[in-house]
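Asker: Our numbering applies: residue 7 is where the sequence shown begins, and numbers increase by one.
Where is the CB? At the ideal position from N, CA and C, for every residue including glycine.
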Amino acid sequence: MAVSLLELCNLCEKIKQVSGKNIKTSMVADFLRKTSSAVEASFAVYFIVGKIPPEIPPLNVGYSLVYDAIRHVSGISDKQFLREYSRVGDLGEVVESVFRGSHKTQRLFVEESVTIKEFYDILRMVGEVSGKNSRIKKARLIESFMVRLSPVEAKYFVKNLVGEMRHGVSEGLMEEAISKAFNIPVEKVRFAHMVTGRLGYVCEVLKSEGVEGLEKISLKPFQPLKPMLADMAKSVDEAISTHGGKTSFEFKLDGIRVQIHKKSSEVRIFSRRLKDVTENFPEIVEKIGREVKASSLIMEGEIIPVTEKGEPLPFQYVMRRYGRIKDLEETLKNVPVTLYVFDVLYLDGKPLVNKPFLERRKILDEIVPSAMLTPQIITSDAGEAESFFRKAVEIGHEGLIAKQLNSTYTPGVRGKKWLKIKKVMETLDLVILAAEYGHGRRHQWLSDYYLGVKNSRIEKEGVGEEKSGAVSFPDYIERFNQGRFKVVGKTFKGLTDNEIRMITDKLKKIVLEQHGRTVIVKPEIVVEVAFSDIQKSPLYSCGYALRFARITRIRNDKNVEEIDDIEKVEKMYRECVKT
Ligand code: AMP
Numbered sequence: 007m008a009v010s011l012l013e014l015c016n017l018c019e020k021i022k023q024v025s026g027k028n029i030k031t032s033m034v035a036d037f038l039r040k041t042s043s044a045v046e047a048s049f050a051v052y053f054i055v056g057k058i059p060p061e062i063p064p065l066n067v068g069y070s071l072v073y074d075a076i077r078h079v080s081g082i083s084d085k086q087f088l089r090e091y092s093r094v095g096d097l098g099e100v101v102e103s104v105f106r107g108s109h110k111t112q113r114l115f116v117e118e119s120v121t122i123k124e125f126y127d128i129l130r131m132v133g134e135v136s137g138k139n140s141r142i143k144k145a146r147l148i149e150s151f152m153v154r155l156s157p158v159e160a161k162y163f164v165k166n167l168v169g170e171m172r173h174g175v176s177e178g179l180m181e182e183a184i185s186k187a188f189n190i191p192v193e194k195v196r197f198a199h200m201v202t203g204r205l206g207y208v209c210e211v212l213k214s215e216g217v218e219g220l221e222k223i224s225l226k227p228f229q230p231l232k233p234m235l236a237d238m239a240k241s242v243d244e245a246i247s248t249h250g251g252k253t254s255f256e257f258k259l260d261g262i263r264v265q266i267h268k269k270s271s272e273v274r275i276f277s278r279r280l281k282d283v284t285e286n287f288p289e290i291v292e293k294i295g296r297e298v299k300a301s302s303l304i305m306e307g308e309i310i311p312v313t314e315k316g317e318p319l320p321f322q323y324v325m326r327r328y329g330r331i332k333d334l335e336e337t338l339k340n341v342p343v344t345l346y347v348f349d350v351l352y353l354d355g356k357p358l359v360n361k362p363f364l365e366r367r368k369i370l371d372e373i374v375p376s377a378m379l380t381p382q383i384i385t386s387d388a389g390e391a392e393s394f395f396r397k398a399v400e401i402g403h404e405g406l407i408a409k410q411l412n413s414t415y416t417p418g419v420r421g422k423k424w425l426k427i428k429k430v431m432e433t434l435d436l437v438i439l440a441a442e443y444g445h446g447r448r449h450q451w452l453s454d455y456y457l458g459v460k461n462s463r464i465e466k467e468g469v470g471e472e473k474s475g476a477v478s479f480p481d482y483i484e485r486f487n488q489g490r491f492k493v494v495g496k497t498f499k500g501l502t503d504n505e506i507r508m509i510t511d512k513l514k515k516i517v518l519e520q521h522g523r524t525v526i527v528k529p530e531i532v533v534e535v536a537f538s539d540i541q542k543s544p545l546y547s548c549g550y551a552l553r554f555a556r557i558t559r560i561r562n563d564k565n566v567e568e569i570d571d572i573e574k575v576e577k578m579y580r581e582c583v584k585t
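1. Helix, strand or coil for residue 23 per DSSP?
2. Can you tell me the Cα-Cα spacing of residue 299 and residue 272, whole angstroms?
3. Between residue 344 and the ligand AMP, is the CB less than 6 Å from at least one heavy atom?
4. Out of 411, 533 and 487, which has the shortest C-alpha to C-alpha gap to residue 497?
5. Can you check which of these residues, 211, 392 and 536, is closest to residue 433 by C-alpha distance?
6. If you draw a straight line from the alpha carbon of residue 330 to that of residue 74, how long is it in whole angstroms?
7. First and last residue of the beta strand (DSSP E) that includes residue 437?
8. If you reduce the DSSP assignment to three classes, tell me which class residue 327 lands in.
9. In chain order, what residues of the same chain lie with their CB nearer than 7 Å to the CB of residue 405, ignoring the 5 residues before and after it?
10. Check each candidate in 224, 140, 380 and 189 and name the one with the smallest Cα separation from residue 204.
11. How should residue 187 be labelled, buried or exposed, when 16 other C-beta atoms within 10 angstroms of its C-beta is the threshold for buried?
12. I need the straight-line Cα distance from residue 327 to residue 579, nearest angstrom please.
13. Taking 8 Å as the limit between beta carbons, can you name the residues of its chain near residue 553, skipping five residues before and five after?
14. State the DSSP-derived secondary structure class of residue 517, mapped to helix, strand or coil.
15. Between 304, 46, 531 and 407, which lies nearest to residue 208 when the distance is taken from Cα to Cα?
16. Which residues in the same chain as residue 574 place their Cβ atom closer than 8 Å to its Cβ, once the five residues preceding and following it in sequence are excluded?
17. To the nearest angstrom, report how far apart residue 464 and residue 502 are at their CA atoms.
18. DSSP three-state call for residue 223: helix, strand or coil?
19. Using only the heavy atoms of the ligand NAP, determine whether one of them is closer than 6 Å to the beta carbon of residue 236.
20. Going by beta carbon distance, what residues of the same chain come within less than 6 Å of residue 213, once the five residues before and after it are set aside?
21. Starting from residue 238, follow its DSSP beta bridges and name the residues at the other end.
22. Once DSSP output is grouped into helix, strand and coil, what is the label at residue 113?
23. Can you name, in chain order, every residue of its own chain whose Cβ lies under 6 Å from the Cβ of residue 316, other than the five neighbours on each side?
24. If you draw a straight line from the alpha carbon of residue 232 to that of residue 72, how long is it in whole angstroms?
25. Write down the C-beta distance between residue 228 and residue 296 rounded to the nearest angstrom, noting that I regard them as a contact closer than 8 Å.
26. Can you list, in chain order, the residues of its chain whose CB lies under 7 Å from that of residue 130, leaving out five sequence neighbours each side?
27. Output yes or no for whether 7 Å exceeds the beta carbon distance between residue 161 and residue 102.
28. For residue 38 and residue 198, which I take to be in contact (beta-carbon distance under 8 Å), what is that distance rounded to the nearest angstrom?
29. Here's a check: name, in chain order, each residue in its chain whose Cβ is nearer than 6 Å to the Cβ of residue 437, leaving out the five neighbours to either side.
30. Determine the extent of the beta strand (DSSP E) in which residue 541 is found, giving its start and end residues.
31. Between residue 422 and residue 413, is the Cβ-Cβ spacing less than 7 Å?
32. Per DSSP, what are the beta-bridge partners of residue 267 in this structure?
33. Reducing DSSP to helix, strand and coil, say where residue 157 ends up.
34. Helix or strand or just coil, what does DSSP make of residue 413?
35. Whose C-beta lies closer than 6 Å to the C-beta of residue 408 among residues of the same chain, with five residues either side of it excluded?
36. Could you check where the beta strand (DSSP E) with residue 385 kicks off and where it finishes?
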């Protein structure tokens, strides 16, 4: 019998109610054993951990879209919803209680139960929506499915959409449950998961082919692995102390991350999202074939734009030339590019992921020409690392990546073995014009801020023509302030929990208008904001947006008259285009 969505939801409810790790593991293992097909077992794995299967295109569905869909389906008012969400703080739980209380949804329940396959079919459809009006199309699809669900099903549907299960089943626990269900050592499950990056698939293989199938899973060319990711460090000192002394520092190149796979004469290139982008880079394919000494290989690197003379260019140059870029690989197809490699994961039939980084890098040195290697130094001297950092930034790169010398390669994991140290531009003093309540842990705090600069041009240009048609929220905030400020960014980054609490209290006292979970406030609170770059952007009426903005300080010592001006933003933009 096909697994129904309801059965899975009931299981999740039961898991939530028990507290021991072993008991949770056994409950999941029993369920996996009882599933009637390998595909269903795989779906159950993804559902329980609340991860969208990698085969499904990214949903790009945020809280606000889900929130709109819930309101539409249940008929709940903004006010009621906000009250409930502020009380409970978990979107899934709110949906369940709203569904129980709403006549509209009760009337729509249908008798036949929804299968888990139908659940993933709808997610796939949402992921496949693209182009104009995609937000609305996605919301309609979600709504059309939601009306078929009971309260508990709607709850877990939403929890899967926003990736917040909160019942204590991590991927680690799921690995143990799979190992228990099929009576296989957990190390074997972990290895297969690491290699494929697809836990559901590992379960599927075990269910259909048993341990023999699992043992066939190994690192091999043309089967891309999830890339290892870097945490953030504030300085080279921090990286050296985290890594306990000698550290490898490499340029942090600003392009697209690629995994190069080669077997005999065939070369394929995969993007960070494991998409095959080989066709976009014929010159790189040719270069690998010509210059790399290996019969089979998986290595990683970054493809970056270069000048006509072949000198490296930071990626921002391409962004500036092409404006906002949706598809990086497509864009790079049209500019001269080059490849720099920084890791090797497999060579001539042997996986290297469990070897220390230093050894992997030495192997890389032997198989690729030195010009193809990402510039690197190994040092424990902060001064030396600092000048290497300055050199990287002067050339126009983003900064450095510090790598722990004895670290293994852990696919898909963001951790401290790799640390990125990025350049920070000058800061700007900005005013908070509006703020949004956060989600999850931050649901009762105003933690996401719209930031504005002074608009000195208003005297010359006036407020401007009233636009017809829909006005974006940033434009609305500007009009609300009679054009005295220009929005240049939005951020939820940089402040500590205590600071957010404090700022929430202050903001609540100066609210001028409420729009759902967003408030427009009196322009009073000044913050210092750091960012990595200024981009041309159609998002805001001033035409610029701060990239990776984060608040570095609350400027209690400054008042709104003293904040920076739009002219300064323009000047900074012109300067960074020149560098
Ligand atoms: P971020 O995207 O800010 O998390 O930074 C990590 C990304 O930096 C990686 O995914 C790579 O695309 C990129 N990167 C640039 N240079 C290097 C390098 N030398 N080693 C590893 N990753 C690098």
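Answerer: To lay it out plainly:
1. For this step, residue 23 is matched to residue 17 along the sequence shown. In this structure, DSSP gives residue 23 a helical state, which the three-state scheme calls helix.
2. Locating residue 299 in the sequence shown gives position 293, counting from the first residue. Locating residue 272 in the sequence shown gives position 266, counting from the first residue. Distance between the alpha carbons of residue 299 and residue 272: 13 Å.
3. Position 338 of the sequence shown, counted from the first residue, corresponds to residue 344. It does not: the Cβ of residue 344 is nowhere closer than 6 Å to a heavy atom of the ligand AMP.
4. The count along the sequence shown starts at 1 and reaches residue 497 at position 491. When each option's Cα is compared against that of residue 497, the closest is 533.
5. Looking up residue 433 in the sequence shown gives position 427. Nearest to residue 433 by C-alpha distance, out of 211, 392 and 536, is 536.
6. As a position in the sequence shown, residue 330 is number 324, starting the count at 1. As a position in the sequence shown, residue 74 is number 68, starting the count at 1. The predicted model places residue 330 with a pLDDT of 47, which falls under 50 and marks its position as unreliable; any figure quoted below should be read in that light. Computed Cα separation, rounded: 27 Å.
7. If you number the sequence shown from 1, residue 437 lands on position 431. Taken as a continuous stretch (DSSP letters only), the beta strand (DSSP E) holding residue 437 covers 434–443.
8. Here residue 327 is taken as the residue at index 321 of the sequence shown, counted from 1. Its pLDDT being 47, under 50, residue 327 is placed unreliably by the model, and nothing is read from it.
9. Position 399 of the sequence shown holds residue 405. Answer for residue 405: 258, 395, 398, 399, 426, 427, 428 and 429, listed in chain order.
10. Position 198 of the sequence shown, counted from the start, is the residue given in the question as residue 204. Nearest option by C-alpha distance: 224.
11. Here residue 187 refers to the residue found at position 181 when the sequence shown is read from its first residue. Around the CB of residue 187, 16 or more other CB atoms lie within 10 Å, so the residue is classed as buried.
12. As a first step, residue 327 must be located in the sequence shown, where it is residue number 321. As a first step, residue 579 must be located in the sequence shown, where it is residue number 573. Its pLDDT being 47, under 50, residue 327 is placed unreliably in this model, and the value from its coordinates should be taken loosely. Cα to Cα, the separation comes out at about 14 Å.
13. To locate residue 553, count along the sequence shown from 1; it is residue 547. Cβ-Cβ distances below 8 Å link residue 553 to 537, 538, 539, 540 and 541 in the same chain, with the five nearest sequence neighbours on each side left out; the list follows chain order.
14. Locating residue 517 in the sequence shown gives position 511, where the first residue counts as 1. In this structure, DSSP gives residue 517 an extended state, which the three-state scheme calls strand.
15. The residue labelled residue 208 in the question sits at position 202 within the sequence shown. The shortest Cα separation from residue 208 among 304, 46, 531 and 407 belongs to 46.
16. Taking the sequence shown and counting its residues from 1, the one referred to as residue 574 is at position 568. Answer for residue 574: 434 and 459, listed in chain order.
17. As a first step, residue 464 is located in the sequence shown; it is residue number 458 there, counting from the start. As a first step, residue 502 is located in the sequence shown; it is residue number 496 there, counting from the start. Residue 464 and residue 502: Cα-Cα distance of roughly 35 Å.
18. Position 217 of the sequence shown, counted from the first residue, corresponds to residue 223. DSSP places residue 223 in coil when its eight states are reduced to three.
19. The ligand NAP is not among the ligands present in this structure, which contains only the ligand AMP.
20. On the sequence shown, position 207 is the one that residue 213 refers to. Annotation for residue 213: 44 and 47 place their beta carbon closer than 6 Å to its own, counting only its chain and skipping 5 residues before and after.
21. In the sequence shown, counting from the first residue as 1, residue 238 sits at position 232. Paired residues: 426.
22. Locating residue 113 in the sequence shown gives position 107, where the first residue counts as 1. Any reading at residue 113 must be qualified, since the residue scores a pLDDT of 46, below 50, and its modelled position is unreliable; no value is offered.
23. As a working note, residue 316 is residue 310 in the sequence shown. In its own chain, leaving out the 5 sequence neighbours on each side, no residue places its CB closer than 6 Å to the CB of residue 316.
24. To locate residue 232, count along the sequence shown from 1; it is residue 226. To locate residue 72, count along the sequence shown from 1; it is residue 66. Approximately 28 Å between the Cα atoms of the pair.
25. One-based indexing of the sequence shown puts residue 228 at position 222. One-based indexing of the sequence shown puts residue 296 at position 290. In fact, because the Cβ distance is near 20 Å, the residues do not count as touching under 8 Å.
26. Working through the sequence shown from its first residue, we reach residue 130 at position 124. Taking C-beta separations shorter than 7 Å and ignoring five residues to either side along the sequence, the partners of residue 130 in its chain run 62, following chain order.
27. As a position in the sequence shown, residue 161 is number 155, starting the count at 1. As a position in the sequence shown, residue 102 is number 96, starting the count at 1. Yes, Cβ-Cβ distance for residue 161 and residue 102 is below 7 Å.
28. Locating residue 38 in the sequence shown gives position 32, where the first residue counts as 1. Locating residue 198 in the sequence shown gives position 192, where the first residue counts as 1. Contact annotation, residue 38 with residue 198: C-beta distance approximately 15 Å; criterion of less than 8 Å not satisfied.
29. Position 431 of the sequence shown, counting from 1, holds the residue named residue 437. Exclusion of the five residues before and after residue 437 leaves 458, 529, 532, 566 and 569 as the residues of its chain whose Cβ lies within less than 6 Å of its Cβ.
30. As a first step, residue 541 is located in the sequence shown; it is residue number 535 there, counting from the start. First-last of the beta strand (DSSP E) with residue 541: 539–542.
31. For the purposes of this step, residue 422 is taken as residue 416 along the sequence shown, with counting starting at 1. For the purposes of this step, residue 413 is taken as residue 407 along the sequence shown, with counting starting at 1. Against a cut-off of 7 Å, the Cβ pair of residue 413 and residue 422 comes out as no contact.
32. Position 261 of the sequence shown, counting from 1, holds the residue named residue 267. Paired residues: 274 and 304.
33. By 1-based counting over the sequence shown, the position of residue 157 is 151. Of the three classes helix, strand and coil, the one that applies to residue 157 here is helix, per DSSP.
34. By one-based count along the sequence shown, residue 413 stands at place 407. Per DSSP, reduced to three states, the secondary structure at residue 413 is coil, with no helix or strand assignment.
35. Against the sequence shown, residue 408 aligns to sequence position 402. Within the same chain, Cβ atoms closer than 6 Å to the Cβ of residue 408 are found at 245, 253, 255 and 425, the five residues on either side in sequence being excluded.
36. If you number the sequence shown from 1, residue 385 lands on position 379. DSSP places residue 385 in the uninterrupted beta strand (DSSP E) bounded by 382–385.
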